[in-house]
Structure formats: C-alpha cells, structure tokens
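First comes the structure, then the notes that go with it.
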Amino acid sequence: MKASIEVTPDAKWADRVTERLLAEIAPGKRLCLPTGSTPVPVYRRLAGSTSLEGLELFLLDEFGGLPKGDPGRCATMLSRELLSVSTGSANVHIPDVDAADPAEAASRFGALIHEGGLDLAVVGLGPNGHIGLNEPGSTPDQTTRVVDLAPLTSQGARLYGATATPTWGITVGMAELAAAREVLVLVTGGHKAEILQRVLDGPIGPETPASYLTDLDSCTFLVDESAALNGAV
Ligand code: GLP
Numbered sequence: 063m064k065a066s067i068e069v070t071p072d073a074k075w076a077d078r079v080t081e082r083l084l085a086e087i088a089p090g091k092r093l094c095l096p097t098g099s100t101p102v103p104v105y106r107r108l109a110g111s112t113s114l115e116g117l118e119l120f121l122l123d124e125f126g127g128l129p130k131g132d133p134g135r136c137a138t139m140l141s142r143e144l145l146s147v148s149t150g151s152a153n154v155h156i157p158d159v160d161a162a163d164p165a166e167a168a169s170r171f172g173a174l175i176h177e178g179g180l181d182l183a184v185v186g187l188g189p190n191g192h193i194g195l196n197e198p199g200s201t202p203d204q205t206t207r208v209v210d211l212a213p214l215t216s217q218g219a220r221l222y223g224a225t226a227t228p229t230w231g232i233t234v235g236m237a238e239l240a241a242a243r244e245v246l247v248l249v250t251g252g253h254k255a256e257i258l259q260r261v262l263d264g265p266i267g268p269e270t271p272a273s274y275l276t277d278l279d280s281c282t283f284l285v286d287e288s289a290a291l292n293g294a295v
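If you want this note's numbering, it's the position in the sequence shown, counting the first as 1, plus 62.
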C-alpha cells in the first residue's frame, strides 16, 4: 500500500484533522470538501480558527431530485456546517443538479476542476466503500459525472434530513480526486471499522472505490481509534 494511515485517539481526531487542513488553507488554494457526518466536528473547529477568504472550494458531490435548500442537500450541509459560521468568503463551486442538463453541468464542473487541479481533496468513506458518490462499480479513470446511487446511499440521505429519497447525484470522479496534490480520507466511528478493513486489506478494485486511493503516495487515511478497531489498521 502506498497511502499512509494515521490513527488518532477519538477525542483528539478532529483537532488533528483541523491541523492538517489549516496547513492548506490560504488564498488561491483549491480544495475539494465533503459533507456527511464525519467532517462536522472538523468544520466547527476550522470555522473558529481561520478565514476562508480567497479559497477556491469545490463541493465533492450533490444529491439530485431534492428541492433547493433541502436540509439533505450537500450544499445546504456545507453552508450550515462551515460557510455560514466562518469568516471570509471563499469562492464556492457547487455541482449544479438543478440544471436542465445535469450531465452537461457535471462536465462543466469537472472542467473547472481540471483548469487548475486540486491542491487538496478531502473525502469521507461511505458505508459501502464509496468515495463522494463514486459507488461500487466505479472505475479509477471516471471523471466528474452524473451517477445512480446505491440503495444504501439513497436511504442514507434521509439521515442528513433529506425530505425525499434521492436516486441520483453528481460526483467529482476518482480521476480528479486521485490527481489532487494531496488526498485526505476521513474515517471515524466503530460503524466504519469493517468497511475500512475491507478497503485497506481487500483487493484494489471497483467493489470498494475507496481502495483505489490506497495506491496513491499522496493519500493519507486519517482514522480515529474506534474505526481502527477490528484490526482494520
Ligand atoms: C455520503 C456522501 C459522501 C460522504 C460519505 C460518508 O453518502 N455522499 O460525500 O463522504 O457518504 O458519509 P458520513 O460521513 O456521513 O459517514
């Protein structure tokens, strides 16, 4: 495995991740950020310790078929957990799932990322091994695109407060993520221990798209002790 793994006690994990992110935050830097539950404590700390002024922020993924402003939309979560509680305005780029032609909107979003690449891609680990909305079956060469959601991901959106069950979305592809100068995979909680073990110890392949990241020198898995249980790490 070429990626690094860093395990931190649960109580110190969010501080450690915040420290890593702060090192990358400066005007003009190009960051891709996830939503979901995992980064929430990190965003809380970031908001209290730095300005987002001048950052180029790319949202990792977005659910389709939910009304604008829906609490389950990734853009709503990013705004709620980070942007609205931070100082300084970043230049925020969101995949446009409301566009008349979402496939074309996804290509435009991918092209915007390609223009200057990403300095840092931060991602969470889905319970089925997905990264962003690169679901099982995804290949490492796939770029930003419209995707169908795995049943677990559709249902999971409800946990974020979605008022309907999305069946599709737009995600940054594994290709753009792997090309980032640095990739950080955030993994916390005992409920992620089993999937983390499959990602780290199993074969690299489409069953667990996160496994593609284990083949990158530029990638670090930032894991708390609860997720590292079961011999995952
Ligand atoms: C969700 C999102 C991902 C997120 C992942 C993990 O479905 N599409 O962007 O990183 O799954 O979510 P959580 O941190 O809530 O476990």
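C-beta atoms are modelled at their ideal positions from N, C-alpha and C, and glycine is treated no differently.
For residue j and residue i, believed in contact at Cβ under 8 Å, the rounded distance
i	j	result
residue 226	residue 93	The Cβ separation is near 29 Å, so there is no contact.
residue 95	residue 184	5 Å
residue 172	residue 261	24 Å between Cβ atoms; not a contact.
residue 202	residue 237	7 Å
residue 186	residue 100	4 Å
residue 228	residue 240	Contact flag wrong, Cβ pair sits at about 25 Å.
residue 287	residue 123	Between residue 123 and residue 287 the Cβ distance is about 27 Å, and since that is not below 8 Å, they are no contact.
Close beta carbons around residue i, own chain, < 8 Å, minus the five adjacent residues each side
i	result
residue 224	125, 128, 132, 133, 134 and 135
residue 84	108, 111 and 112
residue 284	68, 70, 75, 78, 79, 82, 246, 247, 248 and 249
residue 198	190, 191, 192, 212, 268, 269, 270 and 271
Check: residue i C-beta below 7 Å from any heavy atom of the ligand GLP
i	result
residue 209	no
residue 144	no
residue 200	no
residue 99	yes
residue 126	no
residue 185	yes
residue 188	yes
residue 70	no
residue 286	no
residue 138	no
residue 96	yes
residue 195	yes
residue 218	yes
residue 123	yes
residue 282	no
residue 112	no
Helix, strand or coil at residue i [DSSP, three-state]
i	result
residue 245	strand
residue 21	There is simply no residue 21 to check, as the chain begins at 63 and stops at 295 in what is shown.
residue 159	coil
residue 186	strand
residue 90	coil
residue 113	strand
residue 280	coil
residue 231	strand
residue 273	helix
residue 252	helix
residue 151	coil
CB of residue i within 8 Å of CB of residue j, strictly
i	j	result
residue 180	residue 152	no
residue 65	residue 291	no
residue 200	residue 271	yes
residue 195	residue 244	no
residue 155	residue 119	yes
residue 140	residue 97	yes
residue 296	residue 121	Residue 296 lies beyond the residue range present for the chain, which begins at 63 and ends at 295; the question has no answer from this structure.
Cβ-based neighbour list, residue i, same chain, cut-off 7 Å, excluding 5 preceding and 5 following
i	result
residue 168	157, 206, 207, 208 and 232
residue 267	273
Beta-carbon proximity list for residue i, same chain, < 6 Å, skipping 5 on both sides
i	result
residue 143	102 and 105
is_contact[residue i, chain C] using C-beta, thresh 8 Å
i	result
residue 87	Although the question refers to chain C, the structure presented lacks it and comprises just one protein chain.
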